[in-house]
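Written out below as structure tokens is the structure these notes cover.
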Amino acid sequence: MTLEQPTQEVGNWLVANGWFPGRDIGAEADELAGVRVRDSERQGVPLTPVPPALHVIHTYGKLRLPQPNTPGMAWVIDPTVGYDGDAAAIMEVAGGLGTALFPVGYEASESGILLVDEKGRFFHLHHTGGYYLGENEFDAFSRFLKGLPDPDVEDYFV
């Protein structure tokens, strides 16, 4: 299911967690993305922010979005969290998908990295592999709230 706007459930959840229509953290979003770019350059694998990822960081940056049925599980929209070697892993997944990816945040319980591609699709780079999260932000948020299974990223390779 592709959602172009939030369902009432998703909208209510976002608002309850600090989001509001028109929210934009402005220059702070660009600073957060810049931290991530510099870290990837330090790793020797430069990542370039894609417009849909910057949109997510601007709109939801610094929010903690909990999964209501799983204590401790939350998506934190902060692209600065990662680990040594993650830029190469991100580029490997991007190569399989045939599109650029950029980190927008992480999953709090296990620190898996949330990624957005040039089309606005969401992916999760976890220590167990890569996963597809949704066609766009609202689809991904809806799937997360419902606790739907995340298909393997390789199902989306070109």
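Heads up: the sequence shown at position 126 corresponds to 144 in our numbering, and the numbers run straight through without jumps.
For every residue, glycine included, the Cβ atom is placed at its ideal position computed from N, Cα and C.
On the three-state DSSP scale, how would you describe residue 125?
Taking the first residue of the sequence shown as 1, we reach residue 125 at position 107. Of the three classes helix, strand and coil, the one that applies to residue 125 here is strand, per DSSP.
Taking residue 100 as the reference, give the member of 131, 171, 46 with the closest Cα.
The residue you call residue 100 lines up with position 82 of the sequence shown. That would be 131, whose Cα lies nearest to the Cα of residue 100.
For residue 84, list the residues DSSP reports as bridge partners.
One-based indexing of the sequence shown puts residue 84 at position 66. Per DSSP, 92.
Counting along the chain, where does the alpha helix (DSSP H) carrying residue 131 start and finish?
What you label residue 131 is simply residue 113 of the sequence shown in a count that begins at 1. First-last for residue 131: 131 to 135, but that is the beta strand (DSSP E), not the alpha helix (DSSP H).
Residue range of the alpha helix (DSSP H) that residue 73 falls in?
Counted from its first residue, the sequence shown places residue 73 at position 55. Unbroken alpha helix (DSSP H) run through residue 73: 69 to 78.
On a Cα-Cα basis, can you pick out the residue from 153, 124, 45 that is closest to residue 23?
The residue labelled residue 23 in the question sits at position 5 within the sequence shown. Closest by alpha carbon: 153.
Quick check on DSSP: helix, strand or coil for residue 152?
Sequence index remark: in the sequence shown, residue 152 carries index 134 (1-based). Correct three-state label for residue 152: strand.
Where does residue 65 fall in DSSP's three states?
Counting from 1 along the sequence shown, the entry for residue 65 is found at position 47. Coil.
State the beta-bridge partners of residue 145 as determined by DSSP.
To locate residue 145, count along the sequence shown from 1; it is residue 127. BP columns for residue 145 are empty, so no partner.
Mind checking residue 76: buried by the 16 CB within 10 Å criterion, or exposed?
Here residue 76 corresponds to residue number 58 of the sequence shown, with the count starting at 1. Answer is buried; the Cβ neighbour count reaches 16.
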